[in-house]
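For the sequence shown, full-length UniProt numbering gives the first residue as 1, with consecutive numbering after it.
Cβ atoms here follow ideal geometry from the backbone N, Cα and C, with glycine treated the same way.
Quick caveat: nothing in here was measured; it's all calculated off a predicted structure.
To start, the structure itself, in structure tokens.
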Amino acid sequence: MEDSAQNRLLIKGGRVVNDDMMQDADVYIEDGIIKQVGTNLHTPGGTRVIEAKGHLVMPGGIDTHTHMQMPFMGTQAIDDFYTGTRAALAGGTTMIMDFALPQRGESLIEAFHRWRTWADAKVCCDYALHVGVTWWSDKVAQEMEELTNEQGVNSFKMFMAYKDTWQLSDEELLESFKRCKELGALAQVHAENGDIIKENSKKLLELGITGPEGHEMSRPEEVEAEATNRACVLANQVHCPLYVVHVMSKSAADVVSSKRKQGHVVFGEPIAASLGTDGTHHYHKCWRHAAGHVMGPPLRPDSTTPKYLMDLLANGDLQTTGTDNCTFSAAQKALGKDDFTKIPNGVNGVEDRMSVVWEKGVVSGKMDPCRFVAVTSTNAAKIFNIYPKKGRVAVGSDADIVVWNPHATRVISAKTHHQAVDFNIFEGMEVHGIAEYVVCHGRVVVEEGEVRAISGMGKYVPTPVFNPHVYGRLEERERANAPCKVERAPYEGPVAQLNGQG
Ligand code: URP
Ligand code: ZN
Ligand code: ZN
Ligand code: ZN
């Protein structure tokens with residue numbers, strides 16, 4: 001009886017929201033899978049009922065970009081796979097996509113397994129892994145194949161910044177894009193010009209600008225836009241689909257949007273930080289506060305950027321929302337107290353992303369609840385080829401569901417959040433939209449504000465290659481745009497002799 005009550009769940013009287021429709025319906029769940037959606041459902045005895053009248057019943061959020069417990073810049077992100085995924089659930093996110101990032105020269109497969117070991121022991125929600133191509137060689141190309149064929153990886157992140165560690169040259173980018181194309185994988189880029197950042201950082205330090213504002217000054221918007229454009233051109237030239245992670249500026253977003261208008265297969269991911277706050281904080285008088293906002297590419301010191309990115313997200317120019325959740329405590333940030341280039345880069349977001357997007361997107365009138373579902377869950381599931389298992393409230397889908405109270409409010413604060421980090425970039429923001437119940441694999445993991453997550457409860461979700469949502473039109477596009485020889489009579493006239501000079 002106990003068991004069946006645990007395995008059978010009815011979410012009753014709510015409004016089911018998918019990316020393409022809303023309907024008043026009950027949702028019946030058994031053994032972690034959605035079994036019925038509709039009205040007047042017949043459900044067995046012993047079924048637990050959640051009353052959802054006046055609430056929205058939506059697919060659990062998918063955060064496309066996290067770095068739990070990542071070793072980075074001489075330290076390690078303080079939110080690990082336990083605290084990070086527990087916080088994710090608290091905010092209505094039921095799946096994260098993290099990054100296995102090898103050191104330069106290290107085996108990609110070894111890095112992948114290291115991340116799997118860390119995550120499997122601790123995750124409270126499901127997760128997938130992108131893998132970083134942080135250096136280039138034949139071995140890397142070979143390992144990419146093994147990761148796609150045997151380990152369920154369908155996305156690789158290439159860095160155009162972090163010179164001397166992870167940055168790839170244009171030639172290496174091109175090779176890695178070609179390899180992604182051959183394997184049916186999606187290429188991701190961290191788009192910033194690392195050479196310019198290095199040059200500017202040196203100059204700023206010489207001028208005595210050592211504080212967090214130097215981080216922002218060293219990489220103005222065009223440094224991101226240039227790299228975004230370059231990545232789009234390189235990927236398009238070799239017919240490789242591209243996903244631009246952490247889109248932080250208007251001009252980078254404009255590049256993605258205009259390339260899409262030109263027919264490129266490219267996707268753009270703004271993050272909770274770029275949608276919910278801005279880079280004026282780098283100039284705050286409190287060092288800790290300013291350093292708390294340091295991430296790359298930087299938040300822009302312009303209060304209109306978040307609204308602009310939200311408009312593009314609402315209207316289909318940008319597609320998903322991640323967080324780049326990569327958190328460091330005050331003491332960790334202080335590694336760079338005398339030199340902004342040593343401040344560990346990263347901010348929070350995994351817990352608050354859903355509320356921030358609801359507040360800035362839906363409450364502001366920029367998007368309706370269907371589009372909210374699209375940009376917080378469904379598009380991610382489609383782009384990473386796990387739809388409709390994830391990203392949809394429908395019969396047969398995983399029972400990853402958030403019962404959303406659209407009217408309730410809360411004030412975001414580091415004092416009350418579930419994350420391990422001692423700072424929150426959204427501190428003091430009042431948001432509507434609260435995850436009142438969260439169901440993960442059919443288990444009620446959040447109940448009236450209480451999180452009942454169990455370490456290691458989540459599962460690794462393999463992501464298959466040759467995704468029709470991404471590769472569906474690529475072959476045709478390549479064929480339609482293939483170079484075509486001009487048939488003509490051969491030239492019969494005189495030909496000059498090479499003079500052997502120059
Ligand atoms: O500042 C950031 N973004 N930290 C995490 C690493 C990355 O580049 O995504
Ligand atoms: Zn990055
Ligand atoms: Zn990142
Ligand atoms: Zn309620």
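Sub-9 Å separation of residue i and residue j beta-carbons
i	j	result
Gly14	Leu41	no
Phe426	Ile412	yes
Ile383	Arg410	no
Ala399	Ile50	no
Asn7	Pro59	no
Leu101	Met70	yes
Glu351	Ala90	yes
His417	Ala87	yes
Thr228	Val255	yes
Ala128	Tyr460	yes
Val223	Ser176	no
Val438	Val402	yes
Cys180	Ala187	yes
Thr320	Asn379	yes
Gly54	Ser377	no
Val357	Met295	no
Asp339	Leu147	no
Val27	Ile33	no
Ala334	Ala291	yes
With 16 other Cβ atoms within 10 Å as the buried cut-off, status of residue i
i	result
Asn345	buried
Asn467	buried
Ile343	buried
Glu2	Unreliable positioning characterises Glu2 in this predicted model, as indicated by a pLDDT of 41, which lies under 50. The coordinate reading is nonetheless provided below. Classification of Glu2: exposed, given that the 10 Å Cβ count is below 16.
Ala5	At Ala5 the pLDDT is 48, less than 50, meaning the model places this residue with poor confidence; the figure from the coordinates comes in the next sentence. Counting Cβ neighbours within 10 Å, Ala5 comes out exposed, since fewer than 16 surround it.
Gly502	exposed
Ala482	exposed
Leu10	buried
Pro270	buried
Pro464	exposed
Ser355	buried
Thr304	exposed
Pro306	buried
Tyr491	exposed
Gly214	buried
Gly336	buried
Lys360	buried
Asp374	Looking at the sequence provided, one finds Ala at residue 374 rather than Asp. So Ala374 ends up on the buried side.
Pro241	buried
Val189	buried
Extent of the continuous beta strand (DSSP E) to which residue i belongs
i	result
Gly433	430-440
Thr155	The identity of residue 155 in the sequence shown is Ser, whereas the question assumes Thr. 155-159 is the span of the beta strand (DSSP E), which, as asked, contains Ser155.
Gln237	Run containing Gln237: none in the beta strand (DSSP E); it sits in the alpha helix (DSSP H), 221-237.
Thr43	No beta strand (DSSP E) holds Thr43; DSSP gives it neither H nor E.
Phe81	From DSSP, Phe81 is part of no beta strand (DSSP E) but of the alpha helix (DSSP H) over 81-90.
Pro59	56-59
Bounding residues of the alpha helix (DSSP H) (the contiguous stretch that carries residue i)
i	result
Arg288	287-291
Glu175	170-183
Phe372	369-373
Met144	138-150
Gly38	Per DSSP, Gly38 belongs to no alpha helix (DSSP H); it is in the beta strand (DSSP E), 33-38.
Asn379	379-383
Val357	353-357
residue 521	Residue 521 lies beyond the residue range present for the chain, which begins at 1 and ends at 502; the question has no answer from this structure.
Lys202	194-206
Ala331	330-333
Supposed close pair residue i, residue j - CB separation, criterion 8 Å
i	j	result
Ser249	Glu221	4 Å
Thr94	Thr323	Not quite, the Cβ-Cβ distance comes to about 14 Å (not below 8 Å), so this is no contact.
Asp63	Met97	7 Å
Val244	Gly279	That pair is no contact at about 19 Å.
Leu318	Val247	6 Å
Arg353	Pro297	Between Pro297 and Arg353 the Cβ distance is about 18 Å, and since that is not below 8 Å, they are no contact.
Met160	Asn193	7 Å
residue 590	Glu216	One cannot answer for residue 590 here, as it falls past the ends of the chain, which runs 1 to 502.
Gly442	Asp31	6 Å
Leu309	Ala253	6 Å
Touching by the beta-carbon criterion (3+ pairs, under 8 Å), the region 67-80 and the region 376-395: no
Three CB pairs or more closer than 8 Å across the region 154-165 and the region 114-127: no
Cβ pair count under 8 Å reaching 3, the region 183-202 against the region 480-488: no
At least three beta-carbon pairs within less than 8 Å, the region 360-375 to the region 311-327: yes
Cβ contact check for the region 415-422 and the region 327-343: 3 or more pairs under 8 Å: yes
Cβ contact check for the region 203-219 and the region 144-159: 3 or more pairs under 8 Å: no
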